[in-house]
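Right, one structure below, let's go through it.
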């Protein structure tokens, strides 16, 4: 995982400050006209229905037909008498899933998104992949349009189990085996950990920019030691250990959150993009989708401090498991 990823809050602030002032003013004007009755009464103008609706609008850009479903994974980890790690509710949990049409006998490719993301972030990849694979993309438990149980994990092991066990329950519900598993960034970490625990189900493992390979003791953290000695580093370290996430900022801004996200996505996927820049419609639909997935109830995002130490170094690095 890169150092830049570890300072998500700082990066978001920097990119927003560099965004074009005229674009910001236009965004604010648009926002004022958008939040009409009754949404204006909501401090955080989102809901699960908003997430699914924004997902459908974004995926309307994909030409390949697909089916969206909420896959029931039960109320707790497999074989456990407790609910999803001490959640106060025993209601069934669901994994939001999209499956794209494919040719008969196409190999199955399951796609797992990264941190602060969801399956819709792959929208530009679906058509090309669906021409050769049976593509299934999920929102991990606690993210996107999936259920968001109270996150009460207290250790790295419990947190890993939150994602690995919920994915395994999803696999069982979908009756899948011998599939190709692709994980991006934090999704790569989860995919790799899952493959280590359940190798019998995995035909191939694809890790795209995976997080969590190195630890703070790997001799690559000299910059971190120096940064921690500064007041900025001390503040960032405190925020990290307090589980202060970029999503916290979005929620805290309430009705101004959508404009923050709009400026961020314009910078992240526009001015500072390394690939093809989003067109106007793509940018609008992705921004709307990103806002609703970020502003919803905090759940899976709270894994951060348990999986990584400050600086995004894995507490249980993959490199030590794979050698």
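In the working numbering, the protein residues as written are 16 to 338.
All C-beta atoms, glycine included, are put in the ideal place defined by N, C-alpha and C.
* According to the Cβ coordinates, are residue 308 and residue 159 closer than 7 Å? -> In the chain shown, residue 308 corresponds to position 293, counting from 1. In the chain shown, residue 159 corresponds to position 144, counting from 1. A contact, by the Cβ cut-off of 7 Å.
* Asked: In whole angstroms, what separates the C-alpha of residue 37 from that of residue 133?
  -> Here residue 37 corresponds to residue number 22 of the chain shown, with the count starting at 1. Here residue 133 corresponds to residue number 118 of the chain shown, with the count starting at 1. Any reading at residue 37 must be qualified, since the residue scores a pLDDT of 36, below 50, and its modelled position is unreliable; no value is offered.
* Please state whether DSSP places residue 207 in a helix, a strand or coil. => As a working note, residue 207 is residue 192 in the chain shown. Three-state DSSP puts residue 207 in a helix.
* To do: Return the CA-CA distance between residue 301 and residue 139, expressed in angstroms with no decimal places.
  => Within the chain shown, residue 301 is the residue found at index 286, counting from 1. Within the chain shown, residue 139 is the residue found at index 124, counting from 1. So the alpha carbons of these two residues sit roughly 11 Å apart.
* Span of the alpha helix (DSSP H), counted from its first residue to its last, around residue 321 -> Reading the chain shown from its first residue, position 306 is the one you call residue 321. Secondary structure note for residue 321: its alpha helix (DSSP H) is the uninterrupted segment 319-322.
* Asked: Based on Cα-Cα distance, which residue from 73, 145 and 127 lies nearest to residue 118?
  -> Within the chain shown, numbered from 1, the residue matching residue 118 stands at position 103. Out of 73, 145 and 127, 145 has the C-alpha closest to the C-alpha of residue 118.
* Asked: For residue 91, which residues from the same chain have a beta carbon less than 7 Å from its beta carbon, with the 5 sequence-adjacent residues on both sides left out?
  -> The count along the chain shown starts at 1 and reaches residue 91 at position 76. If we look at residue 91 and ignore the five residues flanking it on each side, its Cβ neighbours are 97, 98 and 99.
* Where residue 238 falls, given that 16 or more other Cβ within 10 Å makes a residue buried -> Counting from one through the chain shown, the residue named residue 238 turns up at place 223. The residue in question, residue 238, is exposed, as its Cβ has fewer than 16 Cβ neighbours within 10 Å.
* To do: Can you tell me which of the three DSSP states residue 119 falls into?
  => As a first step, residue 119 must be located in the chain shown, where it is residue number 104. Three-state DSSP puts residue 119 in coil, outside helix and strand.
* Asked: How would you label residue 82, buried or exposed, when you count the other beta carbons within 10 angstroms and need 16 or more for buried?
  -> Within the chain shown, numbered from 1, the residue matching residue 82 stands at position 67. Exposed, because fewer than 16 other Cβ atoms sit within 10 Å of the Cβ of residue 82.
* **Simplified DSSP state of residue 334, which is helix, strand or coil** => What you label residue 334 is simply residue 319 of the chain shown in a count that begins at 1. DSSP places residue 334 in helix when its eight states are reduced to three.
* Asked: In this structure, does DSSP put residue 172 in helix, strand or coil?
  -> The sequence position of residue 172 within the chain shown is 157, counting from 1. Note: residue 172 maps to helix in three-state DSSP.
* Report the option in 58, 168, 336 and 225 whose CA atom is closest to the CA atom of residue 103. => Here residue 103 is taken as the residue at index 88 of the chain shown, counted from 1. Checked all of 58, 168, 336 and 225; the closest Cα to residue 103 is 168.
* **For residue 63, three-class secondary structure by DSSP** => As a working mapping, residue 63 is identified with position 48 in the chain shown. Of the three classes helix, strand and coil, the one that applies to residue 63 here is helix, per DSSP.
* To do: Under 7 Å Cβ to Cβ from residue 136, same chain only, skipping five residues before and after it: list those, please.
  => As a first step, residue 136 must be located in the chain shown, where it is residue number 121. If you ignore the 5 residues before and after residue 136, its C-beta comes within less than 7 Å of the C-beta of 128, all in its own chain and listed in chain order.
* Going straight from the alpha carbon of residue 285 to that of residue 174, what length do you get? -> Counting from one through the chain shown, the residue named residue 285 turns up at place 270. Counting from one through the chain shown, the residue named residue 174 turns up at place 159. C-alpha separation (whole angstroms): 34 Å.
* Asked: Can you tell me the Cα-Cα spacing of residue 161 and residue 185, whole angstroms?
  -> Position 146 of the chain shown, counting from 1, holds the residue named residue 161. Position 170 of the chain shown, counting from 1, holds the residue named residue 185. Near 11 Å, if we compare the C-alpha coordinates of residue 185 and residue 161.
* Buried/exposed call for residue 250, threshold 16 Cβ in 10 Å -> Counted from its first residue, the chain shown places residue 250 at position 235. By the neighbour-count criterion, in which 16 or more other beta carbons inside 10 Å mark a residue as buried, residue 250 falls on the exposed side.
* Indicate whether residue 130 and residue 201 have their beta-carbon atoms separated by less than 7 Å. => Position 115 of the chain shown holds residue 130. Position 186 of the chain shown holds residue 201. Contact flag set, yes.
* To do: To the nearest angstrom, report how far apart residue 188 and residue 334 are at their CA atoms.
  => One-based indexing of the chain shown puts residue 188 at position 173. One-based indexing of the chain shown puts residue 334 at position 319. Each residue's alpha carbon lies about 31 Å from the other.
* Sort out for me which residues DSSP pairs residue 81 with in a bridge. => The sequence position of residue 81 within the chain shown is 66, counting from 1. According to DSSP, residue 81 bridges with 115.
* Identify the residues that DSSP records as bridge partners of residue 221: which are they? -> On the chain shown, residue 221 is found 206 positions in, with the first residue counted as 1. Looking at the DSSP assignment, residue 221 forms a beta bridge with 197.
* Mapping DSSP to helix, strand and coil, what is residue 89? -> Position 74 of the chain shown, counted from the start, is the residue given in the question as residue 89. Correct three-state label for residue 89: strand.
* To do: Please confirm whether residue 220 and residue 181 have their CB atoms less than 7 Å apart.
  => As a first step, residue 220 is located in the chain shown; it is residue number 205 there, counting from the start. As a first step, residue 181 is located in the chain shown; it is residue number 166 there, counting from the start. The answer is no: Cβ separation not under 7 Å.
* Asked: Helix or strand or just coil, what does DSSP make of residue 283?
  -> Here residue 283 is taken as the residue at index 268 of the chain shown, counted from 1. Three-state DSSP puts residue 283 in a helix.
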